[in-house]
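K.L.:
Oh and the sequence shown: position 191 is 191 in UniProt numbering, straight run, nothing missing.
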Amino acid sequence: MNPLQRLALRLLVPGQLVCLLAQAATVSYDFNIGWVTVNPDGAFDRTAIGINGQWPIPRIDANVGDNIVINVHNQLGNQSTSLHFHGLFMNGTVHMDGPSQVTQCPIPPGGSFTYNFTIEQPGTYWYHSHTQSQYPDGLRGPLIIHDPKSPYNGKYDEEIVMTLSDWYHDQMAHLIPQFMSKGNPTGAEPVPQAALMNDTQNLQISVKPKTTYLLRLVNIGAFAGQYFWIEGHTMKIVEVDGVYTKPYETDMIYLSAAQRYSVLVTTKDDANSNFAVVGSMDTDLFDVLPDDLDWNVTSWLVYDKSKDLPKPALVSEFEPADDMKLSPYDSMELLPEPDRTVELEVKMDNLGDGANYAFFNNNTYREPKVPSLYTALTAGELATNPKVYGEYTNSFVLGKDQIVQVVINNHDDGRHPFHLHGHHFQVIHRSDEDGGDFAEANHMHLAFPSTPMRRDTIVVEGNGNVVLRFKANNPGVWLFHCHIEWHIVSGLLATFVEAPLELQKTIELPASHLDNCKAGGLPFAGNAAGNKDNLLDLTGQNAPPPPLPAGFTTKGIVAFVISCIVGITGTLFVAWYGLSPREVSEHARDEASGEGEGDETSATQQNGVRASEDEEERRSTDYLLGGSLKNTYPEELLHTVVEATLKNTPNLDPAVIEDIAQGGMNGSQSHPGDTILQHQPLHGQPSLRKQLAGHCCLGMAAGMESMMWNYGSKAIPTDVWPAL
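1) Would you check if the distance between the CB atom of N198 and the CB atom of P310 is smaller than 9 Å?
2) For F470, which beta-bridge partners are listed by DSSP?
3) Residue ranges of each alpha helix (DSSP H) run of no fewer than 4 residues wholly in the region 504 to 590, ordered along the chain?
4) I need the DSSP call for D599, collapsed to helix, strand or coil.
5) Any idea which residues DSSP pairs Q204 with across the strands?
6) Got a sec? Which residues, its chain only, sit under 6 Å from G476 by beta carbon, not counting five neighbours each side?
7) If you measure between the beta carbons of I119 and I51, is that distance less than 9 Å?
8) Going straight from the alpha carbon of M332 to that of P452, what length do you get?
9) Under three-state DSSP, which class holds A376?
10) By the DSSP assignment, the alpha helix (DSSP H) with H174 in it spans what residues?
11) Have a look at Q504, L420 and P320 and flag the residue whose alpha-carbon is nearest the alpha-carbon of D251.
12) Can you round the beta-carbon distance between W229 and L196 to whole angstroms, since I take them to be within the 8 Å contact cut?
13) Could you check what DSSP says for A499 in three-state terms: helix, strand or coil?
14) Reducing DSSP to helix, strand and coil, say where M332 ends up.
15) When you compare each of N272, W295 and L285 to G279 by their alpha carbons, which one comes out closest?
16) Check the C-beta distance from V466 over to H429 and give it rounded, since I have them as a contact under 8 Å.
17) For the region 179 to 187 against the region 143 to 160, do three or more pairs of beta-carbon atoms, one drawn from each stretch, fall closer than 8 Å, so that the two count as touching?
18) For H587 and L289, I'd like the C-alpha separation in whole angstroms.
19) In whole angstroms, give me the CA-to-CA distance for P546 and V489.
20) With a CB to CB cut of under 6 Å and the five nearest residues on each side skipped, what residues in its chain are close to F396?
21) CB-CB under 8 Å to L351, same chain, minus the five flanking residues each way: which ones, in chain order?
22) Taking buried to mean at least 16 other C-beta atoms within 10 Å of its own C-beta, is A313 buried or exposed?
23) Closest to W35 by CA distance: which of R46, S28 and H419 is it?
24) With DSSP as the reference, please indicate the residues paired to L217 in a beta bridge.
25) My output table needs one value for H128: the three-state DSSP class, helix, strand or coil.
26) Terminal residues of the continuous beta strand (DSSP E) containing I488?
27) Using the Cβ count rule (16 or more neighbours within 10 Å means buried), how would you classify T457?
28) Can you tell which of D323, K182 and L535 has its C-alpha closest to the C-alpha of K387?
29) Taking all protein chains shown into account, do 16 or more other C-beta atoms lie within 10 angstroms of the C-beta of Q178, making it buried, or fewer, making it exposed?
30) Could you tell me the boundaries of the beta strand (DSSP E) in which S82 lies?
31) Provide the residue span of the beta strand (DSSP E) that contains residue 752, from first to last.
32) Using alpha carbons as the reference points, say which of L214, H128, V72 and G87 lies closest to G110.
33) Ignore the nearest five residues each way along the sequence and tell me which others in T245's own chain have a CB closer than 7 Å to its CB.
34) How many angstroms separate the CA atom of V191 from the CA atom of F286?
35) Identify, in the order they occur along the chain, each residue of the same chain with its Cβ nearer than 7 Å to the Cβ of F223, setting aside the five sequence neighbours on each side.
36) Using only alpha-carbon positions, find the residue among D323, I60, A559 and N409 that is nearest to F360.
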């Protein structure tokens, strides 16, 4: 199909489409994938991945029943690539699904690959790179499958496609090493610099009064979900992720990364005003909010170009439609009780390299050396054994036509959009945020919906759960993963190997598959480690870093001890220096005796002399025992403590040290060390050295400081320090 034909197809209204779609066609594209320079938010020029020297990349348009042929040529020069057609089932052509090391080897620089498949699904989809986390660099665009039998044909006049996305000013090749490093132990995802609509900002959409539009919305972002609304207009949801729904009216929609909605919007009767169209990134997903971040993107429905473009009004809260309330148009009933249940526990944690990883069932994904599809095709009878696909691919082998129930228990605080390749699933239960784990025994009183909503991407709330059901009627190797690209990088993927013995009978790989493997020096047969002789021998498989070691490592102990020594020494020195007597200069003494130039100066210096003398008095045992401390502490203890410290005795009794510390807590004067000591009681310690080690140094240092504060003397003389 040439560009003029594609343009004509986009401009056709539904009634005109029927004639064109009467016969299936072959829709062909030639994609030369390479680098271009772009600046979609007007703030920063950067290199992005374009197609045929252009960006945004082309929209793919086809009709139900068409055969799509896409000839890809990798001209990136420094990166391999591949394309995935998000939401398409690829029935009978799983080898065209696109994810690298799952259904194919990546297309190397200078290499080529032809995607060839037939479309039987109407709806709103998109395509994107599924290699090296490239799609945030720009390799993503909408894919629309038009339907002559749509139940909504005749219900709208024109069609508009709108993409929502987030945008980064840096390339993923630079961001990923920062994200996956010990310098980011909490796994904080990089925050995008901007939000975009149709890969730009300040978009103006010309509309006519009294007209109904089918608005196709696609979130092609890498991270941020977006709230979407049109001021002064309502929307009727009629499709979600390629599934027609019964009309559902709403003012606002939430689209996670990878989700799609089609809505009917009817314009006003007149053209008196223009209206803001707003996308607002879900900032609950961000660990930090940069001061310069504008998380909103605004476009406009333009009725009259001569009129102002109003600023969007502030909203007090987000109230999007609940997709659990949607009903499929075909009223497909709840699938029967499952033959197989797969439970997936989501968590984030650190591994031995210090970086933060994502886990299903305590296992973080590592891509196999041999694409999992190729393993299924070359493993013979062992293809039904999940072990051959690798220990770190989270593989589950499913029987043909099994009813599969997937239970996701999210042990992470953040929400996750999960996507299943090759299928729609029924969403039969979803908890609210902090809903905990799904335990079927505790949910027997819940009635699952009789006609549950179906889609291919679903959001599970933070610390919540979701239950999905689908029929394994599409033999293939299908990924199931979070569609936040940072979580794909950190390993939140699983693999469903569906009816592998059926695959061996029906799939024959084109030569281009093996050519790309050979060009990249990648094995294309055997198990996940590339072993062909012993398929259960996974020696050499790709593996994640080891777990964090239990307890302290030698390096950690050394760092801990040095930190303690430095902290104690610094604290004691500061306290000793601050409480030591100050020498008064001879000049000051002269002025104090009346030889100063002025009465005010003499009085000041006399106060200084008296202060020095008072300090000497406070250093005496008699003074200490005669003060208020006598009424607070036992006299015998005070004698022991004061004499021991003032006589520079190095061998202080542990019990005395403990009581001094308790005195520091209970003394009448407030001190910064008091609060710390209340959480660090010193009981039963055999020596001062063990006290220091056993209470993380800080507590004991604070105790020493408290002792000096309360006793007003050099409680730890300089020649006692070596004993510490």
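Think of the CB as a built atom: it goes at the ideal place given N, C-alpha and C, for glycine as much as any other residue.
P.N.:
On the basis of the data shown:
1) Walking along the sequence shown from the start, residue 198 turns up at place 198. Walking along the sequence shown from the start, residue 310 turns up at place 310. Cβ distance not < 9 Å, so N198 and P310 don't count as in contact.
2) In the sequence shown, counting from the first residue as 1, residue 470 sits at position 470. F470 pairs with V404.
3) 511 to 519, 554 to 579 and 586 to 590
4) Numbered from 1 along the sequence shown, position 599 holds the residue referred to as residue 599. Residue placement at D599 is poorly supported in this model, since its pLDDT is 46, which falls under 50; the coordinates still yield a value, given next. Note: D599 maps to helix in three-state DSSP.
5) Numbered from its first residue, the sequence shown carries residue 204 at position 204. Paired residues: W300.
6) Here residue 476 refers to the residue found at position 476 of the sequence shown. Here the set comprises V94, G422 and E498.
7) One-based indexing of the sequence shown puts residue 119 at position 119. One-based indexing of the sequence shown puts residue 51 at position 51. In this structure, I51 does not lie closer than 9 Å to I119 by Cβ.
8) Taking the sequence shown and counting its residues from 1, one reaches residue 332 at position 332. Taking the sequence shown and counting its residues from 1, one reaches residue 452 at position 452. The alpha-carbon atoms of M332 and P452 are separated by roughly 8 Å.
9) For the purposes of this step, residue 376 is taken as residue 376 along the sequence shown, with counting starting at 1. If DSSP states are grouped into helix, strand and coil, A376 belongs with the helices.
10) In the sequence shown, the residue the question calls residue 174 occupies position 174. Here the alpha helix (DSSP H) through H174 covers M172 to F179.
11) Locating residue 251 in the sequence shown gives position 251, counting from the first residue. Looking at the Cα atoms, P320 is the closest of the given residues.
12) By 1-based counting over the sequence shown, the position of residue 229 is 229. By 1-based counting over the sequence shown, the position of residue 196 is 196. The pair is not a contact, with the Cβ atoms about 17 Å apart (cut-off 8 Å).
13) As a first step, residue 499 is located in the sequence shown; it is residue number 499 there, counting from the start. Three-state DSSP puts A499 in coil, outside helix and strand.
14) Within the sequence shown, the letter at position 332 stands for residue 332. Looking at M332 - three-state DSSP - the assignment turns out to be coil, as it is neither helix nor strand.
15) Taking the first residue of the sequence shown as 1, we reach residue 279 at position 279. G279 has its Cα closest to that of W295, out of N272, W295 and L285.
16) Your numbering for residue 466 matches position 466 in the sequence shown. Your numbering for residue 429 matches position 429 in the sequence shown. Between H429 and V466 the Cβ distance is about 7 Å, and since that is below 8 Å, they are a contact.
17) no
18) For this step, residue 587 is matched to residue 587 along the sequence shown. For this step, residue 289 is matched to residue 289 along the sequence shown. Residue placement at H587 is flagged as unreliable, the pLDDT there being 48, under the threshold of 50; the coordinate-derived value follows with that caveat. Their Cα atoms are separated by approximately 59 Å.
19) Your numbering for residue 546 matches position 546 in the sequence shown. Your numbering for residue 489 matches position 489 in the sequence shown. Answer to the nearest angstrom: the Cα atoms are 17 Å apart.
20) What you label residue 396 is simply residue 396 of the sequence shown in a count that begins at 1. For F396, where only same-chain residues beyond five positions count, the Cβ hits under 6 Å are V342 and F496.
21) What you label residue 351 is simply residue 351 of the sequence shown in a count that begins at 1. Contacts found: Y357, T364, P544, P545, P546, P547 and L548.
22) As a working note, residue 313 is residue 313 in the sequence shown. Flag for A313 reads exposed.
23) For the purposes of this step, residue 35 is taken as the residue at position 35 of the sequence shown. Answer by Cα proximity: R46.
24) Along the sequence shown, read from residue 1 onward, the residue named residue 217 stands at position 217. Answer by DSSP bridge pairing, in chain order: M162 and Y261.
25) Position 128 of the sequence shown, counted from the first residue, corresponds to residue 128. It is a strand residue.
26) Against the sequence shown, residue 488 aligns to sequence position 488. Careful: I488 lies outside any beta strand (DSSP E), inside the alpha helix (DSSP H) at E485 to V489.
27) Indexing the sequence shown from 1 puts residue 457 at position 457. Buried: at least 16 other Cβ atoms inside 10 Å.
28) If you number the sequence shown from 1, residue 387 lands on position 387. It is L535 whose Cα lies nearest to the Cα of K387.
29) Along the sequence shown, one-based indexing puts residue 178 at 178. Looking at its Cβ environment, which holds fewer than 16 other Cβ atoms inside 10 Å, Q178 is exposed.
30) Locating residue 82 in the sequence shown gives position 82, where the first residue counts as 1. Looking at the DSSP string, S82 is not in any beta strand (DSSP E), and its letter there is neither H nor E.
31) Residue 752 cannot be examined here, being either before or after the span of the chain that is shown, 1 to 724.
32) To locate residue 110, count along the sequence shown from 1; it is residue 110. Answer by Cα proximity: V72.
33) Locating residue 245 in the sequence shown gives position 245, counting from the first residue. So the list reads I237, V238, E239, L326, S327, P328 and Y329, once near-sequence residues are dropped.
34) Numbered from 1 along the sequence shown, position 191 holds the residue referred to as residue 191. Numbered from 1 along the sequence shown, position 286 holds the residue referred to as residue 286. Cα-Cα distance, rounded: 6 Å.
35) As a first step, residue 223 must be located in the sequence shown, where it is residue number 223. Cβ neighbours of F223 beyond the five flanking positions: D166, E189, P192, A257, L285, I484, E485 and W486.
36) For the purposes of this step, residue 360 is taken as the residue at position 360 of the sequence shown. Residue N409 is the option with its Cα nearest to F360.
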